[in-house]
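>
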Amino acid sequence: MAPARVVALSGQRPGGLTPLTGFTRFDARPVIDGAGRVAFLAAAGDAFELTGAWAESASGVRAIAQAGDAAAPGGVRFAEFADLVMSDAGAIGFKALLAGATVNVETAESIWIERAGQMSLVARGGAEAPDPTKARRFLRFESPPALNGDGQLAFFARTRDKELEVVQDSGFYWFDGVQVGAIAAAGSSAIPGSEDVVFSAQSFEAPFADDPVVNSTGTTIFRGFIEGPGVGDSNLNGLWRYRQSDGLQLLLRGGDAALGVPGATFISFPAIPTINDAGESAFLAFYRLTDDPAQAAAGALVSNDAAIRLGLWLRRSSGELEAVFKLGDDAPGIAGDARFIDVFDPVLNGAGRVAIVAAVAGDAVTPSSEVGLWSSGLSEDGGIELVARQGDAAPGGRGTVFGVFLEPSLNAHGQTAFVATGYDPAIEPGLSQSVGIWGEDRTGTLRLVVESGQLLEVAPGDFRQVAGVAFASETGGQDGKSRGFNDAGQLAFHATFIDGSSGIFVSNLLAVPEPQLWPLLISAAICWRRPRVAAENARSFA
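Taking our numbering, the leading residue of the sequence shown gets 86, the next gets one more, and so forth.
#1: Return helix, strand or coil for Ser144, following the three-state DSSP convention.
#2: DSSP three-state call for Phe289: helix, strand or coil?
#3: On a CA-only basis, which of Val346, Phe260 and Ile357 is nearest Ser288? Give me that one, please.
#4: On the three-state DSSP scale, how would you describe His579?
#5: Between Ala408, Ala212 and Gly348, which lies nearest to Phe370 when the distance is taken from Cα to Cα?
#6: Tell me the start and end of each unbroken beta strand (DSSP E) in the region 199-281 that is at least 3 residues and wholly inside, in chain order.
#7: Using 8 Å for Cβ pairs, my map puts Ile352 next to Ser319. What's the rounded Cβ distance?
#8: Let me check understanding here. Comparing Cα to Cα, which of Asn496, Gln500, Ala497 and Gly521 lies closest to Tyr508?
#9: Is the separation between the beta-carbon of Val123 and that of Ala231 shorter than 8 Å?
#10: For Leu463, which residues from the same chain have a beta carbon less than 6 Å from its beta carbon, with the 5 sequence-adjacent residues on both sides left out?
#11: So, with DSSP's three-state summary, where would you put Ala127?
#12: If you follow the beta strand (DSSP E) that Arg98 is in, where does it begin and where does it stop?
#13: Do the CB positions of Val346 and Gly396 come within less than 8 Å of each other?
#14: Hey, would you say Ala267 sits closer than 8 Å to Phe284, going by beta carbons?
#15: Based on Cα-Cα distance, which residue from Thr375, Ala555 and Asp295 lies nearest to Val430?
#16: Is it buried or exposed for Pro115, if we count other Cβ within 10 angstroms and need 16 for buried?
#17: Return the CA-CA distance between Gln518 and Pro452, expressed in angstroms with no decimal places.
#18: If distances are taken between C-alpha atoms only, which option among Lys180, Ala416 and Ile306 comes closest to Ile198?
#19: Secondary structure at Ala342, three-state DSSP: helix, strand or coil?
#20: From the DSSP output, in three-state form, read off Phe111 for me.
#21: Would Glu470 pass as a contact of Pro417 if the rule is Cβ separation under 8 Å?
#22: Consult DSSP for Glu470 and reduce its assignment to one of helix, strand or coil.
#23: Run the CB neighbour count on Ile441, radius 10 Å, all protein chains shown included, and call it buried at 16 or more, exposed below.
#24: Taking the C-alpha atoms as reference points, what is the distance between Gly236 and Ala120?
#25: Specify the secondary structure class of Val91 as computed by DSSP and reduced to three states.
#26: In three-state DSSP terms, what is Ile589?
#27: Might you give, ordered along the chain, the residues of its own chain that have their beta carbon closer than 6 Å to the beta carbon of Arg225, omitting 5 neighbours on each side?
#28: Helix, strand or coil, according to DSSP, for Asp427 in the structure here?
#29: Here's the rule I'm using: 16 or more other beta-carbon atoms within 10 Å means buried, otherwise exposed. How should Ser403 be labelled?
#30: Give me the DSSP bridge partner(s) of Leu335.
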């Protein structure tokens, strides 16, 4: 395999690490900024918990915060860390549990941000939570924060009333770099001019609100659920946008026309929407066809209720809606009558291109070839193209075929990277025997970055066999989420080895190399060119 840069390795003890034994394990989702600098969470010493947040600097790996460091007056100290995120410009956000004589279950959770070496508290359990309806205090932060390059965060939170009584609520909050403000909360008005129509608590609680998003302009989009006069099953769900310049705005709601599909109206929005810096958003939506028998017949493959469908839409910054595809549509890149029957959450990049994992059905589709990954990132016309398919040979030369795909990442240049399991069909078809990371270079060639079973050089002459790999995916790079694949094509990943050691690494295999590196990368990588031709030549994935 192509060489990878070592960021950190278990057993290492960088300057400032408190336990003498060094790093013992790492969080599986290191993050990378636009300059290729990596940040990660790690455990050290005897602790199993992630006891430190670390980042690369010009002088090496530095500590952002460690367990035992002072966090607040009165002996309040950091205890453990979670949900690290880093912006393209290098700002870092994370959640931390606090400990100390004055800390209890109501005041232990917190969110922090570090910019230019200066760390600030964003929110903490027990602190006042700004709210448009009544006095509340923060209680818990269940989901990761979203962070942009200006140090602005969006986060969901559980709250209690100010007296910390039993009743709990929830809300969506915004940090503008200086102070926290409320975007929306349970019981707050959801629709201008209809003050009695309010958000219900599930709008801001897991599993309905797992991943907030925010772009470089500080704009966020979220799905919400409402209650009140005139609200029923057909219109209780919608999509809202918030930005400081014009506040909260309802974008779409059940019952609205599903533009791009004749005779259709939206019913609900089953997945968390995403956003890019241009203000474009991608989202899944259930919709109902009113009087189109031909489309209803085509969709019988998809649903027992022939009037209800699921599709993927883009909302442009102008407000224009564009239907990307619908369940029941032909699946590009697969010969025969294969049609989409299911789809997972999309990712959206800065050029308005999308990548998705989806399932298909048809006469030639089998249980071992029914899932694939499509992307419009590198397509000439903006349409989605098959990147990889379950059951197809995986690039890398080990005889592996693709098994299961996790949600991909997409960078600004349209390159797609993803984690997939693999198996040897000669041993037992469908039984996952390996896990790896694959991605496209700028030409659309799909390459193996790293896979379990390979040898990875962690120091000159020190080769270790990979047991497992992971990276921070499920993002298009401009939504404020944790990101392991940057616009330069650099990919930060976590690897464990069969000897029990582990580390954090960066691969430049998918990056545009310097001219003198071309011979090295060409000889080190086994390449597979994405077909641009007939469906029967398409690759497979898993």
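We treat Cβ as the ideally placed atom computed from N, Cα and C, and that holds for glycine.
Keep in mind that this is a model prediction, so the values were computed, not measured.
Taking the coordinates as given:
#1: DSSP places Ser144 in coil when its eight states are reduced to three.
#2: helix
#3: Ile357
#4: strand
#5: With the sequence shown as reference, residue 370 is identified as Ala, and Phe is not the correct amino acid for it. With distances taken between Cα atoms, Ala370 lies closest to Ala408.
#6: 203-209, 221-225, 238-246, 253-260, 265-270 and 274-276
#7: Contact between Ile352 and Ser319 holds, since their C-beta atoms are separated by about 6 Å, short of 8 Å.
#8: Gly521
#9: no
#10: Gly499 and Gly529
#11: strand
#12: Run containing Arg98: none; DSSP gives neither H nor E here.
#13: Contact flag set, yes.
#14: In this structure, Phe284 does not lie closer than 8 Å to Ala267 by Cβ.
#15: The sequence as given places Asp at residue 430; Val does not occur at that position. Comparing alpha carbon positions, the residue from Thr375, Ala555 and Asp295 closest to Asp430 is Asp295.
#16: buried
#17: 18 Å
#18: Lys180
#19: The answer is strand: DSSP assigns Ala342 an E or B state.
#20: strand
#21: yes
#22: Glu470 sits in a strand when the DSSP states are folded into three classes.
#23: Classification for Ile441: buried.
#24: So the alpha carbons of these two residues sit roughly 17 Å apart.
#25: strand
#26: The answer is strand: DSSP assigns Ile589 an E or B state.
#27: Glu194 and Arg243
#28: strand
#29: exposed
#30: Trp325
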